[in-house]
Amino acid sequence: MRNVYLAVFAALAVLTAVTVGASYMHLARPQAIAVGVCIAAVKVSLIVFFFMHMKFEGRIIRWLMVAALFFALILLFFILPDLGWSCAVCFGGEGSPMIQGFTWGIAVLLSLPALLFGAFAFFIIRSIRRKNELTRDHSTAI
Amino acid sequence: MNSNYGWWLPVAASSYAGRIDGSLAILHWAMVIIFGLWAVYMAYCLIRYRSSASPRADYHFTESMKALTPDVVILVFEVWLIFFVGVPIWAHIREDLPKPPEAVTVGVTAEQFAWTAHYPGADGQFGKQDIRLVNAGNPLGLDPADTAGQDDVVSVNTLVLPVGKRVLINLSAKDVIHSFFVPEFRIKQDAVPGMRIKLWVEPTLEGKFELGCAQLCGTGHYRMRADVLVKSAEEYQKWLDAQKKGI
Amino acid sequence: MERVETFWSKYVFSLDHKVIGIQYMITSLLFLLFGFSLVLLMRWQLAYPGHPIPLIGRFLPDFIAAGGIMHPAAYNTLGAMHGTIMIFLGIVPLGVGAFGNYILPLQIGARDMAFPRINMLSYWNYFAGGVLMLMSFVLPGGAAQSGWTSYAPLSIVSPGQTVWLIAMTFLITSSLLGSINFIVTTLNLRAPGLTFSRLPLFVWAQFITAIILLFAFPVLQAAAILQLLDRVAGTSFYLPTDLIVGGNILDNAGGGSVLLWQHLFWFLAHPEVYVLLLPAMGIVAEILANGTRKPIFGYKEIAGSFAFIAFLSFIVWAHHMFVSGLKTKLSYLFMTTTMIISVPSVAILTCFLLSLKGASIRYRLPMLFALAFLPLFGIGGLTGLPLGFTPTDVYLHDTYYVIGHFHYVVVTGSMIALMGGIYYWFPKMFGRKMNEKWGHVHFWGTVIAMNGVFFPMFIQGMAGVQRRLYDPTVQAHNLAVQPLNILMTASAFILLLFQIPFIWNFFHSIFKGEKTEENPWQATTLEWACPSPPLPHRNFDKEPVVRRGPYEYSVPGRGEDFWPQDKP
Amino acid sequence: MSDSHAMADTNTGIPSGKLGMWVFLASEVMLFGGFISSYVILRTGSTNFVVPGKEMLGVPLAMVNTFVLITSSVTMVLALDAIEKGNVKGLIRNLIFTLILAACFLGIKSYEYPHKWHEGITISSGLFGSFYYTLTGLHMLHVVGGMAYMGYLLRNALAGRYTVQSHARVEYAGLYWHFVDLVWVILFPIFYLL
Chain A
106 MRNVYLAVFA ALAVLTAVTV GASYMHLARP QAIAVGVCIA AVKVSLIVFF
156 FMHMKFEGRI IRWLMVAALF FALILLFFIL PDLGWSCAVC FGGEGSPMIQ
206 GFTWGIAVLL SLPALLFGAF AFFIIRSIRR KNELTRDHST AI
Chain B
61 MNSNYGWWLP VAASSYAGRI DGSLAILHWA MVIIFGLWAV YMAYCLIRYR
111 SSASPRADYH FTESMKALTP DVVILVFEVW LIFFVGVPIW AHIREDLPKP
161 PEAVTVGVTA EQFAWTAHYP GADGQFGKQD IRLVNAGNPL GLDPADTAGQ
211 DDVVSVNTLV LPVGKRVLIN LSAKDVIHSF FVPEFRIKQD AVPGMRIKLW
261 VEPTLEGKFE LGCAQLCGTG HYRMRADVLV KSAEEYQKWL DAQKKGI
Chain C
1106 MERVETFWSK YVFSLDHKVI GIQYMITSLL FLLFGFSLVL LMRWQLAYPG
1156 HPIPLIGRFL PDFIAAGGIM HPAAYNTLGA MHGTIMIFLG IVPLGVGAFG
1206 NYILPLQIGA RDMAFPRINM LSYWNYFAGG VLMLMSFVLP GGAAQSGWTS
1256 YAPLSIVSPG QTVWLIAMTF LITSSLLGSI NFIVTTLNLR APGLTFSRLP
1306 LFVWAQFITA IILLFAFPVL QAAAILQLLD RVAGTSFYLP TDLIVGGNIL
1356 DNAGGGSVLL WQHLFWFLAH PEVYVLLLPA MGIVAEILAN GTRKPIFGYK
1406 EIAGSFAFIA FLSFIVWAHH MFVSGLKTKL SYLFMTTTMI ISVPSVAILT
1456 CFLLSLKGAS IRYRLPMLFA LAFLPLFGIG GLTGLPLGFT PTDVYLHDTY
1506 YVIGHFHYVV VTGSMIALMG GIYYWFPKMF GRKMNEKWGH VHFWGTVIAM
1556 NGVFFPMFIQ GMAGVQRRLY DPTVQAHNLA VQPLNILMTA SAFILLLFQI
1606 PFIWNFFHSI FKGEKTEENP WQATTLEWAC PSPPLPHRNF DKEPVVRRGP
1656 YEYSVPGRGE DFWPQDKP
Chain D
1419 MSDSHAMADT NTGIPSGKLG MWVFLASEVM LFGGFISSYV ILRTGSTNFV
1469 VPGKEMLGVP LAMVNTFVLI TSSVTMVLAL DAIEKGNVKG LIRNLIFTLI
1519 LAACFLGIKS YEYPHKWHEG ITISSGLFGS FYYTLTGLHM LHVVGGMAYM
1569 GYLLRNALAG RYTVQSHARV EYAGLYWHFV DLVWVILFPI FYLL
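Protein chains in written order, with this note's numbering: chain A, 106 to 247; chain B, 61 to 307; chain C, 1106 to 1673; chain D, 1419 to 1612.
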């Protein structure tokens, strides 16, 4: 396992240098944010999967961290349209494309977890029901 | 006692008050019906299934999708209510803002324990405001140098509106959150410092109404009130001309 | 880890989840009584504004009631502290701390919580937060006076909020430590055979409440720290530029947003109100199943609804902000999510009502409380409809209608269920029964007096009486319904009188109550399988093995009408 | 694989301590999530959010700081790897390295703060300063907490308390430390680079 850790270490160091370099390249704001966030996300996932052994953990812990991240993102993306884009100019303009875009973004964001949880719940119920069939025929026997 | 207020809702004195009262009535009738059915059903069960009348409970009555029909009924009722009643009214109240030429524009600024109305005067322009000029005599900090502000009218704790015309209110606050609430107009909007929020109302009844603050704003929250006088168009104009202009 | 058992380690710094449960219970009951007495002062001021407070008026210091007549700032302080104490120091610690700590490990057949030391730390954090909250009355700056919601900028410019914020961080830490304990205990320490589909609904409720607490409370911790810095360190997270307070211009850097506090606060506070509700629903499910001698109707629907409510409660919060300058597009979204969340609540109530059908109802004391919960919580739930629906919320927001709504849900809902829980598990905690006669007196008096206090609030709300008014008679539109205040104040005092038999009954029966054996209610869940009071540090003499579902009552073909989970 | 991943005697097979640490980290995600959301919201929405120029922020020094924290994260994982192979001396060596690196991180920060005060970025100078000191201050508190945790581990390791069979606490400290490093990996770009 030692060389895996050293490899991850090298990757993190290189990524740090890259992200600093990218910030000196004076990209346009949205691109700069995108690059910065993506590099940070890669580094975070490297740390979580290798250093924190997430690769070998049970699914309960994986679901726990997914839920935590999900609720944190809800906080971000639900408040943003209200304060986020209320710049002085477009405050009055309800119909400004930015707010419209964001509202549709949220609608998609809302349907995604609903689908996710729906599928997740469906699989669980199906497995419980199948297990009940198996145990029912011999549980009443005892 | 003032005849505007009774045991149920105060008198409806604005154009959309009727529609809001309608929604209130629909909802309260629905609640009474649902609660009534629940109560009748529960009373029946309490008597019919008391231990002396049914010594052994029924083990099998624990699962039936049919039993969730009341939820479906309430959900359908709510879907209808929101998309066919709620959204139209809410869009009408919030986003159907009148344009200046055909609407009277009034600036209302809330501060700790007083409402200050600001009329643009004949030129229809609001004077520039600067908070460094705020003092007892000049509650809104109007800039004397600015020509647009010369004909502005500032009235504290008295909001005079013409009947039958749509009024566009620019609501703001100086210090903490207050809430512009006139029960008779069925209108409520928080006055948030740092934001200038637009709302509109069309008074349909002449008379004296009351503007209160609905958001806790300090020790004087209970005495923060102003008179709302709805007059005919001529009297409104007469009142406006009689007021002191500018600073 | 047998430590030498001294008085201190046995009763004060105990690691045993049962002792910590009782510590939570007695502390939270005392806080509830204190919070309730604050509201009696407020009710007196509302019924007879400007008249000196009887009896204790003369002794109050001048800044509270000069010459016996209450000062407006004191009224706001009472309002803010009443809300804070009842929610954060009263009902949540009673529902989650006391019942959760005591009953959850017993119901899953565990010897103790997963982390006993963290459990003790959680109680003492709660105790420190409570003491600090009480001391804030006398500390310089006084107690908080901008409502339990402490909206910025009022909470930043008015005195008395700093100690409140520090006490809140203690309470939040206590709740977080508690929720970590509950989640790990429920996941890891269940008795053999106790699968998730055999968990009692009380354990489901506590488990899901712990998950809500885990994800919601840290956000309030962050918001409280930001507000504390705004007050103390001159930052301006919530202060916009150019604020002028009391004639002088605030010299802050500005740029902050007032709505940010409301978003962060309600992101916690809405899941928090479900934290107040879910333990009570868990208790009602237990008592209903036991009282109707029948498996609860729709076990899977109720457990599923708990989980669905928990998930939805995180995307619903801005229905508190419809008139606060929220974008209208967003209010459509939150109106729809509020409608969706009303579905599982109705589903739970329908399942409870349907479990009465085909039952054999025994009208004993806990069952009375559970039955009273159903209609009263029904009123609370239904009156939530006009508040979640924007056109009617425009009129009803921040009026007494809102106060009536949440008191019906929390007081005649959760509080009644928690009292039922006390009567139900008292024999298990102390091996003795509470006096039935005084119990009935307390039940009927409390239910009637509660309705006397809270139902007129709906009428006042429709008349447009705003909330948190020190003296409603100043505004003309409140005069029509002012006589109702006198009725409500009288009912509030009667409610206090009817609590006396409960307090006397509670403490008297601990020592002199009628002795009972280990399963007086003939219930089926695991906590009744161990002796009462359960063995210290071990609970069960031999570890129970679970063989069937939690509510196997009136199984056809069996003599007794209950089949405990662990019996063969 | 090392035995610490073996099936514990709990229902889920995960030892309670590890599950408890992960649940605690979930609440920490929400805590930092709340702060970072407020920062992003005010930075995009606020009317006057003055962002100081890069030269005032001292980006090269911060890069070195990030590098230091990542190295401490690696030495922590090597410490865990050592004890899983039973090499107690390796555990102690790496723990000491991690502690030194953490102290070095705090040292660089304590140099950076006064430097920023002279630049005029103070906690009440503007929203950027307020958020910067609040978030990095809270992160430093977590670093100090982590160092105390590792000091406790070092004392036990020197007393020979940890062996191949029982070294769960080392793993939990590792989880916590990696989380603290992870938070800095997020804070670094949002404050210094964007």
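Ideal Cβ placement from N, Cα and C applies to all residues, glycine included.
Close-in-space but distant-in-sequence residues of the same chain around residue i (CB under 8 Å, 5 per side omitted)
i       : result
D/A1521 : M1565
A/S128  : A137 and G141
C/G1486 : S1447, S1450, V1451, L1454 and V1514
C/D1671 : G1214, A1296, L1631, A1634, P1649, V1650, V1651 and R1652
Residues of its chain near residue i, where Cβ-Cβ distance is below 6 Å and the 5 sequence neighbours each way are ignored
i       : result
C/F1342 : L1331, D1335 and G1361
C/G1252 : A1185
D/V1477 : Y1610
C/M1130 : A1203
Span of the alpha helix (DSSP H), counted from its first residue to its last, around residue i
i       : result
D/N1512 : V1506 to E1537
C/E1377 : V1363 to T1397
B/I257  : From DSSP, B/I257 is part of no alpha helix (DSSP H) but of the beta strand (DSSP E) over I257 to V261.
Minimum Cβ-Cβ distance from residue i to chain A less than 8 Å
i       : result
D/T1428 : no
C/V1428 : no
C/I1420 : yes
C/M1106 : Because the pLDDT at C/M1106 is just 45, under 50, the model does not fix this residue reliably, and the value given afterwards should be weighed accordingly. Not an interface residue.
C/V1552 : no
C/V1514 : no
Beta-carbon contacts of residue i that lie in its chain and below 7 Å, excluding the five residues immediately before and after
i       : result
C/D1298 : A small correction: the amino acid at residue 1298 of chain C is Gly; Asp does not occupy that position in the sequence shown. Result list for C/G1298: V1650, V1651 and R1652, in chain order.
C/L1282 : I1223, L1226, S1227 and N1230
C/L1600 : T1551, A1554, M1555 and V1558
B/S75   : E262 and T264
B/Q185  : A208
Min CB distance residue i to chain D below 8 Å
i       : result
A/A133  : no
A/F225  : Confidence at A/F225 is low in this model, with a pLDDT of 47, below 50, so its placement is unreliable and no value can be given for it.
A/F154  : no
C/Q1311 : no
Residue i: first and last residue of the uninterrupted beta strand (DSSP E) it sits in
i       : result
B/S232  : V227 to A233
C/Q1266 : Taken as a continuous stretch (DSSP letters only), C/Q1266 belongs to no beta strand (DSSP E), as it is neither H nor E.
B/Y179  : A174 to Y179
B/D287  : R285 to K291
B/A251  : I247 to A251
C/F1342 : Neither: C/F1342 is in no beta strand (DSSP E) and is coded neither H nor E.
B/H238  : H238 to V242
B/L271  : G267 to C273
B/S215  : V213 to V216
Below-8 Å beta-carbon distance, residue i vs any chain C residue
i       : result
B/Y65   : yes
D/N1466 : yes
D/V1601 : no
A/L178  : no
B/F95   : yes
B/D183  : no
| request: Return the chain-ordered ranges of every beta strand (DSSP E) run that is complete within the region 1425–1491 of chain D and spans a minimum of 3 residues. | output: For the region 1425–1491 of chain D, not one full-length beta strand (DSSP E) segment reaches 3 residues or more.
| Does the pairing of the region 1628–1637 of chain C with the region 1587–1598 of chain C give three or more beta-carbon distances under 8 Å? | Contact between the region 1628–1637 of chain C and the region 1587–1598 of chain C is absent, with fewer than three C-beta pairs closer than 8 Å.
| Is the region 1471–1480 of chain C touching the region 1413–1421 of chain C, taking contact as three or more C-beta pairs under 8 Å? | They do not touch, by the three-pair rule.
| message | With three or more C-beta pairs closer than 8 Å as the rule, is the region 234–245 of chain B touching the region 1254–1263 of chain C? | response | These segments touch.
| query | Taking contact to mean at least 3 C-beta pairs separated by less than 8 Å, is the region 275–288 of chain B in contact with the region 1560–1574 of chain C? | reply | Enough Cβ pairs lie closer than 8 Å, so yes.
| Are the region 1487–1506 of chain C and the region 1435–1444 of chain C in contact at 8 Å, needing three or more beta carbon pairs? | Because the criterion of three Cβ pairs below 8 Å is met, the region 1487–1506 of chain C and the region 1435–1444 of chain C touch.
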